[in-house]
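Asks: In terms of my numbering, the sequence shown opens at residue 126 and continues consecutively.
Quick reminder that beta carbons are idealized off the backbone N, C-alpha and C, glycines included.
Below you will find the structure I want to go over with you.
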Amino acid sequence: MIALALTEARDDERKLEEEMRAAFEAMGFANVIRIGGSGKPDGTAEAHLAATEDGTVQRYKVGLEAKSGQPVTAHRLNVSGIARHMEDYSCDHHLVIGNGFATSTGDDSASVREINTHKQNTGKTITLMHIDDLARLVRIASAKRIGGLSRLRGLFKDCVTPEQSKEWVDALSVEEPERRPYQEILETIWQLVQEQPSEAVEYAAVVTELRHRNPSVRMTKTELIECCKAMQVLASGVVYARERTVEINRRPDLIVEDIRLAVGQYPEVERRTIHI
C-alpha cells in the first residue's frame with residue numbers, strides 16, 4: 126500500500142519522491158509530475174476543481190518536496206528557494222515532507238516567520254508535514270468520504286508547522302463521515318461490463334445507472350471518480366480508475382472483502398471511524 130511504502134522510503138531520497146507523487150495521485154490530484162534537479166521542486170500536482178456558481182476559481186496547484194534522512198534544518202528547508210519554485214511553476218501551495226523539522230521549536234522559529242511573511246506578501250502558502258502524517262492522510266482519504274480536494278486544501282491553507290499538520294490529520298481521523306457506497310458502485314460497474322463486454326465503462330454511465338438503483342444512489346461524477354480512485358488504492362491491482370473510465374477484474378463481493386482486509390490493517394483509532 127502507498128501509505129506503507131511512504132514510511133518505508135523515509136531514508137531513500139528517490140523512492141520517497143516517487144511515493145510522495147503516488148500519494149497525491151491516490152488522493153485524486155491530476156498532472157502529478159516529476160520535476161527534480163538543482164533549484165527545482167521534486168514535483169507538482171494539480172487539483173482540477175470546477176469554479177463555484179459565482180465564478181470563483183477553486184482549482185489549485187501544489188509544489189512537492191520530499192526530504193529523506195535526517196530532520197530538516199532551516200538551511201536545508203530553504204524557504205526562499207521554495208518561494209522561487211512556487212513562482213517559477215505557478216504553485217498556490219507547497220508541501221514539504223520530512224522525518225522532522227527544526228521548526229518544531231514553535232511558531233517563532235525563523236523558518237516559520239519566513240513562511241508566514243511569504244504568505245502575507247503573496248497569498249501563497251508553504252506547509253511542513255511529517256512523512257508519517259502524510260501516510261495517515263493517504264489512508265484516511267482512501268477510506269473515508271472526507272470532502273475531496275476542496276477539503277484537502279484546508280491543510281495547505283491553514284497549516285504551516287508539522288505540529289499543525291498533525292493536528293489537522295488528527296481531527297480528520299476521528300470524524301465519522303457517511304459511508305462510501307463501494308458495494309453499489311462495484312455492482313453497477315460489474316453490471317455494465319456484463320451488458321456490454323466489448324465497451325469500456327465510463328464514469329458518466331455509472332452515475333446514471335446508480336440513480337436507477339433501488340434505492341437510488343445519487344452522486345456527482347467527481348464524487349464517483351474520488352470513490353474509484355480510493356478503491357484503486359485499497360484494492361490495488363483489481364480496480365483501475367482512469368481519466369474517463371473505470372475497470373474491475375474481480376467480482377464486486379470479493380473486491381469489497383479486499384477493501385475490508387486493507388482497512389483492517391489500519392491503526393485501531395482510524396478503523397473505528399471507517400464504515401465499508
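Ends of the alpha helix (DSSP H) at K282?
Replies: Here the question's residue 282 lines up with position 157 in the sequence shown. Per DSSP, K282 belongs to the alpha helix (DSSP H) from G273 to D283.
Asks: Mind checking E142: buried by the 16 CB within 10 Å criterion, or exposed?
Replies: On the sequence shown, position 17 is the one that residue 142 refers to. The residue is buried, with at least 16 neighbouring Cβ atoms inside 10 Å.
Asks: Do the CB positions of C352 and I310 come within less than 8 Å of each other?
Replies: Working through the sequence shown from its first residue, we reach residue 352 at position 227. Working through the sequence shown from its first residue, we reach residue 310 at position 185. The answer is yes: Cβ separation under 8 Å.
Asks: Strictly by DSSP, which residues pair up with E351?
Replies: Position 226 of the sequence shown, counted from the start, is the residue given in the question as residue 351. Looking at the DSSP assignment, E351 forms no beta bridge with any residue, so it has no partner.
Asks: Below 8 Å between beta carbons: does that hold for L274 and A172?
Replies: Taking the sequence shown and counting its residues from 1, one reaches residue 274 at position 149. Taking the sequence shown and counting its residues from 1, one reaches residue 172 at position 47. Yes, these two residues count as a Cβ contact at 8 Å.
Asks: I need the boundaries of the alpha helix (DSSP H) containing E312, first residue and last residue.
Replies: The residue given as residue 312 occupies position 187 in the sequence shown. Its alpha helix (DSSP H) spans residues Y307 to E320.
Asks: Touch check for the stretch 176-183 and the stretch 138-153: three-plus C-beta pairs under 8 Å?
Replies: no
Asks: Please classify E171: does DSSP put it in a helix, a strand, or coil?
Replies: Against the sequence shown, residue 171 aligns to sequence position 46. In this structure, E171 counts as strand in the three-state DSSP scheme.
Asks: What did DSSP end up calling I240 once you bin it into helix, strand or coil?
Replies: Numbered from 1 along the sequence shown, position 115 holds the residue referred to as residue 240. Helix at I240.
Asks: Can you find the residues in the same chain that come closer than 6 Å, C-beta to C-beta, to P306, ignoring five residues on each side of it along the sequence?
Replies: Here the question's residue 306 lines up with position 181 in the sequence shown. The answer, listed in chain order, is V342.
Asks: Using only CA atoms, which one of E320, I158, I380 and H219 lies nearest to G206?
Replies: Here the question's residue 206 lines up with position 81 in the sequence shown. Looking at the Cα atoms, H219 is the closest of the given residues.
Asks: Between T247 and L280, how many whole angstroms is the CB-CB distance? I'm expecting something under 8 Å.
Replies: For the purposes of this step, residue 247 is taken as residue 122 along the sequence shown, with counting starting at 1. For the purposes of this step, residue 280 is taken as residue 155 along the sequence shown, with counting starting at 1. Rounded, the Cβ-Cβ distance is 18 Å, inconsistent with contact.
Asks: Could you check if H210 is buried or exposed, using at least 16 other CB atoms within 10 Å of its CB as the buried criterion?
Replies: As a working note, residue 210 is residue 85 in the sequence shown. Its Cβ being crowded by 16 or more others within 10 Å, H210 is buried.
Asks: At which residue ranges does the stretch 163-223 contain complete alpha helix (DSSP H) runs of 4 or more residues, listed in the order of the chain?
Replies: 199-202 and 204-213
Asks: Need the endpoints of the beta strand (DSSP E) that Y365 sits in, please.
Replies: The residue you call residue 365 lines up with position 240 of the sequence shown. Here the beta strand (DSSP E) through Y365 covers V364 to A366.
Asks: Starting from E372, trace the beta strand (DSSP E) both ways and give me its first and last residue.
Replies: Indexing the sequence shown from 1 puts residue 372 at position 247. Its beta strand (DSSP E) spans residues T370 to I373.
Asks: Within the same chain, show all residues whose beta-carbon is closer than 7 Å to that of V363, passing over the 5 residues directly before and after it, in chain order.
Replies: As a first step, residue 363 is located in the sequence shown; it is residue number 238 there, counting from the start. Cβ within range, chain order: I373, N374, R375, I380 and D383.
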